[in-house]
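Numbering (my numbering), first residue to last: 11 to 403. Glycine included, each C-beta is placed from N, C-alpha and C at the ideal position. Presented below is the structure to which this report refers.
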Ligand SMILES: Cc1ncc(COP(=O)(O)O)c(C=O)c1O
């Protein structure tokens with residue numbers, strides 16, 4: 011009986027080593043490298059979050075966040091429901107409408123906030139957008155309007171290079187979704203009136219809760235302006251025209267998960283152990299650099315971010331540039347599937363609305379050794395998929 015020839019894509023040699031942790035998802039992101047469930051044993055489970063023990067944990071989560079991120083003492087930090095989305099929505103619904111807005115988007119999450127403000131809140135807004143890979147000219151924005159933008163576009167891998175374009179003496183508020191930037195990139199607090207992020211992103215925490223950070227100017231707006239629309243209890247930050255200060259001390263609007271709070275506290279402890287914000291930034295930078303070097307060494311793959319100054323060090327988005335690829339979306343999907351099937355890179359397909367390609371999370375909870383061990387597999391998956399494509403042709 012004649013032996014069947016192996017297909018050429020099966021002959022592409024696999025690398026010898028594998029990443030220890032193949033989790034490169036852009037959210038929920040890899041947990042801290044030291045994570046074990048037993049680390050959560052101090053969670054006050056089955057106790058009221060309003061008991062002294064619960065309140066102390068929530069308060070610690072707020073103040074540890076302030077300390078590690080260098081948030082000014084006069085900024086309020088609240089733990090709010092519904093993850094980053096909850097925090098952004100609360101801010102937009104509570105603050106916008108006092109003056110015109112400028113909605114800025116260069117990828118899909120920013121685009122979601124545009125839809126909310128224009129179609130749901132029906133606010134008079136100028137919409138400024140850029141394609142995936144590009145960024146909006148932030149110096150051309152009118153900062154006497156309220157400006158809503160995303161610091162790091164998670165689905166395009168394009169981030170703000172700095173806050174320089176934002177004037178200190180602006181008339182409007184800046185509302186910044188920083189969920190894939192916080193704990194990996196510098197955030198200029200004096201330029202940000204509202205900043206939001208979730209625990210599930212850069213520190214590999216659990217979903218469910220969002221962080222809402224307010225400048226004194228944002229608080230002033232909350233206390234001097236009442237939106238024309240009704241606000242559900244879950245969004246309400248004021249009572250009788252005054253800020254509900256308790257929210258910013260750990261008296262959450264409704265019941266939080268104390269297990270998720272404990273997990274966040276453990277992640278913050280770990281963040282401190284690797285050098286705090288500087289240590290986390292260096293880890294993300296090293297991870298992203300390993301991928302950028304790989305792109306420089308291979309002419310078939312490139313960063314989606316057009317300008318190197320705007321390349322994200324967390325959600326690194328890549329596109330295949332080999333002219334022999336006939337079906338871009340199918341090719342990228344097949345590569346991601348191969349990597350997943352080998353158990354060497356999980357969840358690395360581009361976001362569903364983004365251009366075809368890959369997205370590899372490089373935040374601080376990912377080990378550089380794992381990125382470096384994964385990249386030869388990416389080369390293998392590319393070659394095998396290309397061979398398969400030519401067999402099918
Ligand atoms: C920029 C950005 N905004 C908002 C979200 C939504 O976050 P969550 O699901 O934590 O509400 C994400 C999630 O990936 C994001 O990347």
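- Item | Candidates 401, 272, 180 and 67, of which the one nearest residue 203 by Cα | 180
- Decide yes or no for the touch test of the stretch 327-337 against the stretch 305-315: beta carbon pairs closer than 8 Å, at least 3 of them. yes
- Message: Using C-beta distances below 7 Å, list every residue in its chain close to residue 200, excluding the 5 sequence neighbours before and after it, in chain order.
- Response: 178
- Query: Thinking just about the alpha-carbon of each residue, which of 365, 336 and 387 is nearest to the one in residue 164?
  - Reply: The shortest Cα separation from residue 164 among 365, 336 and 387 belongs to 365.
- The alpha helix (DSSP H) enclosing residue 156, as first and last residue numbers: From DSSP, residue 156 is part of no alpha helix (DSSP H) but of the beta strand (DSSP E) over 156-160.
- Message: Can you tell me which residues fall inside 5 Å of ligand 1, judged by beta-carbon distance to its nearest heavy atom, and keep chain order?
- Response: 37, 93, 94, 95, 119, 160, 164, 187, 189, 190 and 208
- Give the single residue among 247, 362, 382 and 55 whose Cα lies nearest to the Cα of residue 98. 247
- Item | Span separating the alpha-carbon of residue 381 from that of residue 198 | 29 Å
- Message: According to DSSP, is residue 34 part of a helix, a strand, or is it coil?
- Response: coil
- Closer than 6 Å by C-beta to residue 386: which residues in its own chain qualify, once you throw out the five before and the five after it? Chain order, please. Answer for residue 386: 25, listed in chain order.
- List the whole-angstrom C-beta distance separating residue 114 from residue 100, where the pair is believed to meet the contact cut-off of C-beta under 8 Å. Wrong, their Cβ atoms sit about 19 Å apart, outside the cutoff.
- Shortest alpha-carbon distance to residue 103 belongs to which of 66, 48, 401 and 238? Checked all of 66, 48, 401 and 238; the closest Cα to residue 103 is 238.
- Task: Classify residue 17 as buried or exposed, calling it buried when 16 or more other Cβ atoms lie within 10 Å of its own Cβ.
- Result: exposed
- Query: Quick one: Cα of residue 185 to Cα of residue 132, how far?
  - Reply: 17 Å
- Task: Would you kindly work out how many angstroms separate the C-alpha atoms of residue 378 and residue 59, rounded to a whole number?
- Result: 37 Å
- Message: What does the Cβ neighbour count give for residue 94, buried or exposed, with the cut at 16 atoms within 10 Å?
- Response: buried
- Message: Tell me which residue opens and which closes the alpha helix (DSSP H) that residue 144 is part of.
- Response: Per DSSP, residue 144 belongs to no alpha helix (DSSP H) and is neither H nor E.
- Message: Closest to residue 295 by C-alpha separation, out of 215, 321 and 272, would be which residue?
- Response: 321
- Tell me which same chain residues have a C-beta within less than 7 Å of the C-beta of residue 231, skipping the five on either side of it? Counting only Cβ-Cβ distances below 7 Å, and skipping sequence neighbours, we find 105, 108 and 183.
- Message: Quick test of your reading: residue 258 and residue 87, contact by CB under 8 Å. State the CB separation rounded to the nearest angstrom.
- Response: 6 Å
- Distance between residue 149 and residue 175 (C-alpha atoms, nearest Å): Their Cα atoms are separated by approximately 5 Å.
- Task: Determine, using beta carbons only, whether residue 34 and residue 306 come nearer to each other than 8 Å.
- Result: no
- Query: Smallest Cα separation from residue 173: which of 160, 166 and 167?
  - Reply: Nearest of 160, 166 and 167 to residue 173, Cα basis: 160.
- Item | Bridge partner(s) assigned by DSSP for residue 87 | 223
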